[in-house]
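One structure below.
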Amino acid sequence: MSEESLSVPKPHLIEAILLSSARPVGLGALSSATGLPEEDIRTALADLTQRYSPENSGIVLRNVAGGYLLSTNPLCAPAVERFREDVRPTPLSGAAYEVLSCTLYHGPLTRSAISQLRGVNSDAVVRNLIDRSLLAEVGTDHAHPGSPALLDVTDEFFVAAGAASREDFPTLDSLVGEEEIARVRERLAQASSETPPAEHPPEAP
Amino acid sequence: MSEESLSVPKPHLIEAILLSSARPVGLGALSSATGLPEEDIRTALADLTQRYSPENSGIVLRNVAGGYLLSTNPLCAPAVERFREDVRPTPLSGAAYEVLSCTLYHGPLTRSAISQLRGVNSDAVVRNLIDRSLLAEVGTDHAHPGSPALLDVTDEFFVAAGAASREDFPTLDSLVGEEEIARVRERLAQASSETPPAEHPPEAP
Amino acid sequence: MTFEASGRSLSDFTVELDVYSGPYEWLLALILKEELDIFEVPLRELVDLYLNARNPEAPNALERDTDFAGSAAALILLKSRTLSPILESEAEGDEETISPEQLAERLTEYLKIRRGAQALRERFAANMGHHPTAHALPPRPGRLRLRPGLLSEAARRVFSRRLEPPVEHLGPIIVTLQELASVIHAALVRGPVSYEELVRDMDRLNTAVAFAAALSLAQEGSLRLTQAEPLGPLTLEPVA
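Residue numbers (this note's numbering), protein chains in the order written: chain A, 1 to 205; chain B, 1 to 205; chain C, 1 to 240.
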């Protein structure tokens, strides 16, 4: 049993995991993440179902698709919808723009090719962009060990950029010199000939 | 007043909205989405702060970056991170914290002002902090030749620091005691009396 | 000149020298700001102090060694540059004169910034375990606007970035400092190294500065240069 599960009340651990998951979480996954036997998880979930019932809370715990999921109480839907209407989308970070531009000009690409192009591990940024529907997995790179997924920009991306297609963006050679383009090609060739590079310098200032 | 706010307890509406936002939500936004006066929102938030306190729940309500945000309780972090198979972002370097400290206490300011305060060129560190969305360009310093960009800390910074606003940090003057300042002066006086005047550029022998 | 390449693993290393006593990092700051004369800093003594304080068992021993070697290399280079003013001809005219009062002022300011940084580090660590809700609603489709200008800017940035550490802004000498750090580190840790071997993959500038640094180190007594015959191979040996 892990250390923290000794001191933290069991339902707390489960609440926290459920908050951090947008998808239903099964008993097995809850048990392995918390280090608690499924029996304990069941008991804790019974507590939580009470706490997060439609009568008691604006957040409800539902048992769906073989797992447990927190979601908003349907009674609160109008307020949530109004909130969604008002809210301004979070602007993208500089790193996110870089990943998008890599994919726009050289996509479809694997995650490791993106990291290779940027020179830093970009997996977290990629995940965020997938969550925001600006990138999507469009296939697999069978030439590579492990057949990693290939990513490309989405229709949502073109809409957000106010563009109809790739042709609407400035060409690569209008942005950087020949020498740079050659270097980038080389890097990409390297990325596809090598096994996925794990040795990227971490992205730390 | 909107329909649902008649039947649904006020804290429930706020809970539901907070569940659906990964960014802190301000009083104004909560008020406009729920149709409730800010006074009521404040009361409801006080209830919720109790309900979602680190002692009572695996989900905590934080007042950060000028708004309210639901997050996992740090005590549950090991279980959450095991579940998400997350790699924690690379920790920031000492240099990065210094740049953030300069910007927090003296910002908005230009890159060269940061470098001047620290005594070393800080451009690379600044770029990384912008990539990590902890710093952002917020304007230009027209008083200076070339109108350099002005940098300031971002909402993400306040969230990462768990601070509601600048007022949440100790003042600069409280960080170093009078005796310490006196000691610096003493050391310098010593150094300048024991060494040939350091004001002159070093001369080659 | 910069010590940016060094981490902050040496934050608890303090030194007691005639000209200065206090945190090593402050000493570096003082020298950088040319507020302490590099000639007044006995580099050899500094190396001895470090070696005495060194704890090879510490979990970050390697990082500390590398940081120290990096900053010591920088100091040596600085000293050698100061010795040969031909390399640096701009040291005249706009040199700022600073009164001890102003100096104290600036250092106090810097100390505050550092304390602020330490406090920030603690706050960030304490808040690290907060993960936000994953149930955020995506904004309505079409609400997000990407700025095409920023996309082009990002493309320019990525595709013209060299994969080496980004040091363009530091000037060519800095590359050398990082190389020097490892050069000196290797010399200190692994025993004798031939100069030819050290500089095999370096360009002319790096080779030249590495040579200057080796000479300077030898002059300091931190290493020995041996050459069996005139124009023969040159070997760098650590001093026992």
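For every residue, glycine included, the Cβ atom is placed at its ideal position computed from N, Cα and C. Predicted model only: the values in this text are computed from it and were never measured.
- For C/S11, the three-state secondary structure derived from DSSP is coil.
- With a threshold of 8 Å between beta carbons, A/V153 makes no contact with chain C.
- The three-state reading of DSSP puts A/V184 in helix, counting H, G and I together.
- In this structure, the beta-carbon distance from B/K10 to B/L30 does not fall below 8 Å.
- Ranking B/T34, B/S165 and B/S174 by CA distance to the CA of A/A77 puts B/T34 first.
- Annotated as proximal: C/G116 and B/L175, with beta-carbon spacing under 8 Å.
- Contact with chain A is found for C/S160, since one of that chain's Cβ atoms lies less than 8 Å from the residue's Cβ.
- Segment contact: the stretch 155-170 of chain A against the stretch 127-138 of chain A, three or more CB-CB distances shorter than 8 Å; contact assigned.
- The beta carbons of C/H130 and B/T140 sit about 34 Å from each other, so the pair does not count as a contact at 8 Å.
- Closest option to B/I59, judged by alpha-carbon separation, among A/A79, A/T171 and A/L18: A/L18.
- DSSP places A/T72 in the uninterrupted beta strand (DSSP E) bounded by G67 to T72.
- Under the three-state reduction of DSSP output, A/R82 falls in the helix class.
- In the structure shown, the three-state DSSP call for B/T140 is strand.
- Pairing C/N60 with C/D67, the inter-Cα distance amounts to about 10 Å.
- Note that the stretch 83-103 of chain A touches the stretch 146-159 of chain C; at least 3 beta-carbon pairs, one per stretch, sit closer than 8 Å.
- Residues of the stretch 70-83 of chain B with a C-beta less than 7 Å from any C-beta of chain A: L70, T72, N73, L75, C76, P78, A79, V80, R82 and F83, listed in chain order.
- With a beta-carbon spacing of about 50 Å, C/A72 and A/S21 fall beyond the 8 Å limit used to define contacts.
- For C/G116, the chain B residues whose Cβ falls inside 9 Å of its Cβ are Y97, E98, L100, S101, C102, L104, Y105, F169, P170, L172 and L175, in order along the chain.
- Linking A/D168 to B/D40 through their CA atoms gives a straight-line distance of about 50 Å.
- Taken in chain order, the unbroken stretches of alpha helix (DSSP H) that lie wholly in the stretch 118-163 of chain B and span 4 residues or more are 123-131 and 155-161.
- The three-state reading of DSSP puts C/E16 in strand, counting E and B together.
- Between A/S53 and the set B/E38, B/N63, B/H12 and B/R23, the nearest pair of CA atoms involves B/H12.
- The Cβ of B/G119 sits closer than 8 Å to at least one Cβ of chain C.
- One finds nothing in chain B with a Cβ atom closer than 7 Å to the Cβ of C/S71; even the nearest lies about 12 Å away.
- Your pair A/L48 and A/L61 checks out as a contact, with CB atoms roughly 5 Å apart and the cut at 8 Å.
- When the beta-carbon positions are compared, C/L75 and C/I31 come within less than 8 Å of each other.
- Any Cβ of chain B closer than 8 Å to the Cβ of A/I17 would place that residue at the interface, and such an atom is present.
- The Cβ atoms of A/D152 and A/T103 lie closer than 8 Å to each other.
- In terms of Cβ geometry, B/A161 and C/R123 form a close pair [threshold 8 Å].
- Contact check for A/E38 and A/L45: beta-carbon distance about 10 Å, past the 8 Å limit, so the pair fails to qualify.
- Here the alpha carbons of C/R140 and A/T43 stand approximately 38 Å from one another.
- Under the DSSP definition of a beta bridge, C/E237 partners with C/R224.
- A Cβ of chain B is located within less than 8 Å of the beta carbon of A/I14.
- Comparing alpha-carbon positions, the option among A/E15, A/R88, A/Q190 and A/G146 lying closest to B/A79 turns out to be A/E15.
- For B/I130, the neighbours in chain A by C-beta distance under 7 Å run, in chain order, G94.
- Of C/W26, C/L150 and C/A125, the smallest CA-CA separation from C/A104 is found for C/W26.
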